[in-house]
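Residues in the sequence shown are numbered from 627 upward in steps of one, following the working numbering. Glycine included, C-beta positions come from ideal geometry on N, C-alpha and C. Just so it is clear, the structure is predicted and the values come from calculations on it, not from any experiment. First the structure, in the form of structure tokens, and then the observations on it.
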Amino acid sequence: MNSAIVPLVELSSRQIAMRPYRDEDAPLLFVAASESLETVGRWMPWCHAEYAENDSVVWVRRCQASWHSGEEYNFGLFDSAGQYVGGAGLNHLNRDHSIANLGYWVRQARQREGFAGAAVQCLARFGFETLRLTRIEIVAASDNIASRRVAEKSGAEFECLARNRLVIRGVPVTAAVYSLIPAASA
Numbered sequence: 627m628n629s630a631i632v633p634l635v636e637l638s639s640r641q642i643a644m645r646p647y648r649d650e651d652a653p654l655l656f657v658a659a660s661e662s663l664e665t666v667g668r669w670m671p672w673c674h675a676e677y678a679e680n681d682s683v684v685w686v687r688r689c690q691a692s693w694h695s696g697e698e699y700n701f702g703l704f705d706s707a708g709q710y711v712g713g714a715g716l717n718h719l720n721r722d723h724s725i726a727n728l729g730y731w732v733r734q735a736r737q738r739e740g741f742a743g744a745a746v747q748c749l750a751r752f753g754f755e756t757l758r759l760t761r762i763e764i765v766a767a768s769d770n771i772a773s774r775r776v777a778e779k780s781g782a783e784f785e786c787l788a789r790n791r792l793v794i795r796g797v798p799v800t801a802a803v804y805s806l807i808p809a810a811s812a
């Protein structure tokens, strides 16, 4: 896996534009999270009723620092009109084994429009070509059917149901583990 500093890059497809978070994205993130408690909040512990705009500021700054340290690569997702629709990224990088986790979320008002799947495709290409990863995992709570569907439609291979693989709001849950590898993503 490439351990050199990765320059800030923008990714895109016909459907979305993805770019590393900027300071001015914090208010957009806050509004999107606030409207998405019912769907995103069910699976993402950070998305809760007490989520404040300052939480978004802290997250954006953390994303910026994590990018520069090579710890994580998080992107804001934007539609063709430039509207913020969610976030996605590569995290839990293991440089010894050249693997990472791929996560995504889409604001409630824009779900089921294909943004998450487009983000998976862009991030897989970035992970394999730029970071030289050999494996990318997508791990979703077993009951998170929408996220699992995104993984499956994106060509990720279902590998197993792993007991107590995730902890959501302090409760261990079974998770579906999917993988992408370079040859299968070409």
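Taking the straight line between their C-alpha atoms, what separation do you get for T756 and V684? Here the alpha carbon of T756 sits roughly 27 Å from the alpha carbon of V684.
Whole angstroms is fine: what's the gap from G796's alpha carbon to R789's? 15 Å
From D705 to Y730, what does the alpha carbon distance come to, in whole angstroms? Roughly 15 Å separates the two Cα atoms.
With a 10 Å radius around its C-beta and 16 neighbouring C-beta atoms as the bar for buried, classify G708 as buried or exposed. The residue in question, G708, is exposed, as its Cβ has fewer than 16 Cβ neighbours within 10 Å.
Going by beta-carbon coordinates alone, are A745 and M644 separated by less than 9 Å? yes
Taking 9 Å as the cut-off, decide whether the C-beta atoms of R733 and V711 are in contact. yes
Cβ distance (whole Å) where V765 is taken to contact V803 below 8 Å: 5 Å
Uninterrupted beta strand (DSSP E) stretches inside the stretch 633–681 (no shorter than 3 residues): 643–646
Measure the C-alpha to C-alpha separation of G781 and A659 and round it to an integer number of angstroms. 27 Å
Apart from the five residues on each side of it in sequence, which residues of its chain come closer than 8 Å, Cβ to Cβ, to A652? Closer than 8 Å at Cβ, skipping near neighbours: E679, S682, V683, W685, V686.
Counting only the same chain and skipping the five closest in sequence on each side, list residues whose C-beta sits under 8 Å from that of D769. Closer than 8 Å at Cβ, skipping near neighbours: V799.
For L634, which residues of its own chain have a beta-carbon under 6 Å away from its beta-carbon, when the five flanking residues on both sides are left out? P646
Nearest-angstrom Cα distance between C689 and R791? Their Cα atoms are separated by approximately 24 Å.
Taking all protein chains shown into account, decide if N720 is buried (16 or more other Cβ within 10 angstroms of its Cβ) or exposed. exposed
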